[in-house]
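Here the protein sequences line up with chains A and B, keeping their order. Here the first sequence stands for residues 1 to 403, numbered as in this note's numbering. Here the second sequence stands for residues 404 to 806, numbered as in this note's numbering. Using N, Cα and C, we set each Cβ at its ideal position, and we do this for glycine too.
Number of protein chains: 2
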Amino acid sequence: MSLIVQKFGGSSVANAECVFRVAATITNTYKEGNDVVVVVSAQGDTTDDLIEKAKEINPKPSKREMDVLLSTGEQISISLLAMAIEKLGYPVVSLTGWQAGMRTDPNYGIARIDRIDADRLKAELGRRNIVIVAGFQGINKYDDITTLGRGGSDTSAVALAAALQADLCQIYTDVDGVYTADPRIVPDAKKLGEISYDEMLELASLGANVLNNRSVEMAKKYNVKLMVLSSLHKAQGTYVKEVGDVEKMLVRGVTRDNDTARISLIEVEDMPGKAFTVFSLLAKKNINVDLIIQSIGRNNTKDISFTVASSNLEDALGELNDNSAAIGARSVEWTDDVSKVSIVGAGMVTNPGVASRMFEALYQANINIHMIATSEIKVSVLIDRKDAERAVVAIHDKFTLSK
Amino acid sequence: MSLIVQKFGGSSVANAECVFRVAATITNTYKEGNDVVVVVSAQGDTTDDLIEKAKEINPKPSKREMDVLLSTGEQISISLLAMAIEKLGYPVVSLTGWQAGMRTDPNYGIARIDRIDADRLKAELGRRNIVIVAGFQGINKYDDITTLGRGGSDTSAVALAAALQADLCQIYTDVDGVYTADPRIVPDAKKLGEISYDEMLELASLGANVLNNRSVEMAKKYNVKLMVLSSLHKAQGTYVKEVGDVEKMLVRGVTRDNDTARISLIEVEDMPGKAFTVFSLLAKKNINVDLIIQSIGRNNTKDISFTVASSNLEDALGELNDNSAAIGARSVEWTDDVSKVSIVGAGMVTNPGVASRMFEALYQANINIHMIATSEIKVSVLIDRKDAERAVVAIHDKFTLSK
């Protein structure tokens, strides 16, 4: 008998039919003699609908009240899923974030899970109940409801798996595993049987949209065995775990991320502390900066370019504008008509030719590169959005990833 | 400076415009220097929509999961109302039932408030926050969410007023006070300036639909000064409190209740314990029985007739059917095509002619009476539903209540 944590996203429980499909997956796992803890997101467009409702009343509501509002989405899901499982005749109990003991830090909207007080969870498992937990939400030290931010249900699932020392954490999604590229762009993309945490981390943060990266970080930290698989049809998924022989496949996959925008600070005075000023301002606002390029100084000035998530563009520009005196740039330019295309693979660092092969593929496809960034296991380029799909295909071909 | 509890029903917060009207009422009260605690129900048809969602999945969900689901309705309301008050620039915090310390008994769906752990509430008031509390919901000793049943938000408000020793508990509704009869039926019905708890109790339980009767019982018990007033326009409402001179108005009002159904057990064996058997079965299922009539025994049998709320009819018939052997009636008959019409007035008990004047009015209107029940401060009759409105008008005229 194993303890299995299963996570289902919002599209998996969008309507009654979907809810029963998910309920069948859960009860089948339970019937095989496993303890089952399920994490579920808000149904379909519920979260967007709730945000719409809020904006109608207040375009800038406090994050605290926003979390009170948004957390109802998952609460609806857990009760409906529990009702479906009751209908199928299995013992079940639903728990909200606070009932499940999901203690987070105080940051509304983007809270991180500090710990899980698992007494209630363990008691319910002891009663042989299937336990349905609301994803994406928790409770902070003020006993206020917090949400973990978009994709937070993955993190909820991994945190529960870690706290309960689960044997496996299954993340059910609308794809049936991790591919070498998005199969909608590259039809002969290949499903990976397994992938390392680090590779998955790069893929997640690069817009592969399969797993939220905070959840992968946590899985790595607590050594939680993850599996990404389809909620729609039965098929072996992709295991995410510590992988032994990282050298055997050089490049794991190609990803495209459209959720990116570039900001350029033109002619910033070339003196120490400028970069610190800019990026600490953004960090204080919880805006993650991704690629950063700083030009070589010229005429006592330099240009600083960087990318942020599209959703952060407005906030970032506002912050830069509010502090324009301290930054002292001649102008601030931006565009969100760009995409980030990346290759990921743990063996990359020891194989110096990888980046140049990628650039060759782009050159042959006549695609211009605006920015480049590399890490030990990835190479990313920023290009015009219109070129992004062609770039993914060209790179995938170049590395013959479908083989 | 006073502490005022204000309660707004679901239609008062049905859309953004309504929410801002309510927010204005609240902030005006706050601006006058008062501490304000607000109880709010789920928006418009939210609760019905959620019930619909549940039925689609499971026609007989557990009451526990139903409460998890339904409590989201009020949680949405409190956050939206708080956002509106934030928009108006006032300090505000929303609290769910469990955050507000609304401890209830364990009975899902029909929970009663046991006590209020008011520490958080008092702390928020101490910070000069307007506090918005989710009505209709609480938390039981298992740390599970409970709901108080329909109309429970009134009870939440009164319980909060009692726990916080509020100076006044204002119940905002879609009528502007308590009338001598439903103004839609009797156009010249008169608004009462004040009414006693007991009279209000009878009116509430008789279908006046102004205040939930559990809330009035609680107000009486803890001597909470209530006021019923309009959420739509400013006007003096009706005070509900201990009234000094109860004799000065004989009959307070006439009410009609369509939410009633009659069940008759025909030819039950005439032996001790039969009534106990029947009514204890129903009590166990939490079905309230209202009027009860037992015929005089004849041929060693008797007939037992009683009324229940229409919504309980199916459950009651099911229960009687399941226990038909123990009850041993020849047949069970029922109708829900009836209405209960009642007169209420604290002075009634000392004025023996009141009931007969009521019967005279019905006789003159050629309306047949099926059942009669009297208490110290009310007389109720069960009549055909088609006659109900005519009956109210005739009785209102007979007692010249518009004077």
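Would you tell me roughly how many angstroms separate the C-alpha atoms of residue i and residue j, rounded to the nearest one?
i: residue 415(B); j: residue 309(A); result: 40 Å
i: residue 33(A); j: residue 2(A); result: 8 Å
i: residue 49(A); j: residue 62(A); result: 17 Å
i: residue 622(B); j: residue 644(B); result: 8 Å
i: residue 631(B); j: residue 537(B); result: 19 Å
i: residue 199(A); j: residue 172(A); result: 19 Å
i: residue 90(A); j: residue 512(B); result: 22 Å
i: residue 419(B); j: residue 467(B); result: 31 Å
i: residue 314(A); j: residue 261(A); result: 10 Å
i: residue 790(B); j: residue 748(B); result: 23 Å
i: residue 398(A); j: residue 359(A); result: 10 Å
i: residue 439(B); j: residue 568(B); result: 12 Å
i: residue 22(A); j: residue 101(A); result: 24 Å
i: residue 288(A); j: residue 281(A); result: 11 Å
i: residue 757(B); j: residue 777(B); result: 11 Å
i: residue 733(B); j: residue 741(B); result: 23 Å
i: residue 540(B); j: residue 561(B); result: 13 Å
i: residue 595(B); j: residue 534(B); result: 30 Å
i: residue 708(B); j: residue 462(B); result: 30 Å
i: residue 787(B); j: residue 766(B); result: 14 Å
i: residue 149(A); j: residue 41(A); result: 12 Å
i: residue 598(B); j: residue 666(B); result: 33 Å
i: residue 785(B); j: residue 773(B); result: 5 Å
i: residue 96(A); j: residue 78(A); result: 8 Å
i: residue 479(B); j: residue 103(A); result: 22 Å
i: residue 701(B); j: residue 674(B); result: 12 Å
i: residue 361(A); j: residue 403(A); result: 17 Å
i: residue 672(B); j: residue 14(A); result: 55 Å
Count the other CB atoms, across all protein chains shown, that sit within 10 Å of the CB of residue i; report buried if there are 16 or more and exposed otherwise.
i: residue 545(B); result: exposed
i: residue 618(B); result: buried
i: residue 470(B); result: buried
i: residue 527(B); result: buried
i: residue 649(B); result: Residue confidence is low: residue 649(B) scores 48 on pLDDT, short of 50, so the model does not pin down where it sits. Its coordinate-derived value is still stated next. The residue is buried, with at least 16 neighbouring Cβ atoms inside 10 Å.
i: residue 178(A); result: buried
i: residue 677(B); result: buried
i: residue 433(B); result: buried
i: residue 524(B); result: buried
i: residue 556(B); result: buried
i: residue 252(A); result: buried
i: residue 639(B); result: exposed
i: residue 284(A); result: exposed
Anyone know if the C-beta pair for residue i and residue j falls short of 9 Å?
i: residue 176(A); j: residue 211(A); result: no
i: residue 24(A); j: residue 88(A); result: yes
i: residue 564(B); j: residue 521(B); result: no
i: residue 213(A); j: residue 226(A); result: no
i: residue 301(A); j: residue 267(A); result: yes
i: residue 368(B); j: residue 759(B); result: As displayed, chain B neither begins before 404 nor continues past 806, which places residue 368(B) out of reach and without an answer.
i: residue 10(A); j: residue 45(A); result: yes
i: residue 390(A); j: residue 367(A); result: yes
i: residue 694(B); j: residue 743(B); result: yes
i: residue 458(B); j: residue 804(B); result: no
i: residue 558(B); j: residue 516(B); result: yes
i: residue 111(A); j: residue 19(A); result: no
i: residue 323(A); j: residue 277(A); result: yes
i: residue 396(A); j: residue 243(A); result: no
Report whether the distance from the Cβ of residue i to the nearest heavy atom of the ligand NAD is below 8 Å.
i: residue 486(B); result: For the ligand NAD, the structure offers nothing, since it holds no ligand at all.
Hey, which unbroken runs of the alpha helix (DSSP H) at 4 residues or more fall wholly within the region 75-143 of chain A?
List check, alpha helix (DSSP H) in window: 119-126.
Could you give the uninterrupted runs of the beta strand (DSSP E) lying entirely in the region 334-377 of chain A, keeping only those of 3 residues or more?
At a cut-off of 3 residues, the continuous stretches assigned as beta strand (DSSP E) that sit fully inside the region 334-377 of chain A are 338-344 and 371-375.
Mind checking the region 477-488 of chain B against chain A and listing, in chain order, the residues whose C-beta falls within less than 8 Å of any C-beta there?
Those residues of the region 477-488 of chain B that come within reach of chain A (Cβ to Cβ, closer than 8 Å) are 478, 479, 481, 482, 483, 485, 486 and 487.
At what residue ranges does the region 645-681 of chain B contain a whole run of the beta strand (DSSP E), taking only runs of 3 or more?
Correct list: 656-660 and 664-672.
Taking Cβ-Cβ distances below 9 Å as the criterion, which residues of the region 47-62 of chain A are in contact with chain B?
For the region 47-62 of chain A, which is checked against every Cβ of chain B, the residues closer than 9 Å are 50, 53, 54, 56, 57, 58, 59, 60, 61 and 62.
Can you pull out the residues from the region 543-561 of chain B whose beta carbon lies closer than 7 Å to at least one beta carbon of chain A?
Correct list: 546.
Hey, which unbroken runs of the alpha helix (DSSP H) at 4 residues or more fall wholly within the region 590-648 of chain B?
Within the region 590-648 of chain B, the complete alpha helix (DSSP H) runs of at least 4 residues are 600-606 and 616-624.
When you check each C-beta in the region 94-118 of chain A against every C-beta of chain B, which residues fall closer than 8 Å?
The residues in question are 94, 96, 98 and 99.
Residue ranges of each beta strand (DSSP E) within the region 300-326 of chain A, 3 or longer
Listed in chain order, the beta strand (DSSP E) elements of length 3 or more contained wholly in the region 300-326 of chain A are 301-308.
Within 7 Å of chain B by C-beta, residues of the region 10-26 of chain A in sequence order:
16 and 19: these are the residues of the region 10-26 of chain A whose beta carbon lies less than 7 Å from some beta carbon of chain B, given in chain order.
For the region 726-751 of chain B, which residues have a beta carbon sitting closer than 8 Å to at least one beta carbon of chain A?
Of all residues in the region 726-751 of chain B, none has a Cβ within less than 8 Å of some Cβ in chain A.
What are the start and end residues of each continuous alpha helix (DSSP H) run of 4 or more residues lying completely inside the region 434-482 of chain B, in chain order?
Taking only runs of at least 4 residues, the alpha helix (DSSP H) segments lying wholly in the region 434-482 of chain B are 449-460.
Tell me which residues of the region 574-599 of chain B have at least one Cβ-Cβ distance to chain A shorter than 8 Å, keeping chain order.
Listed by position along the chain: nothing, the set is empty.
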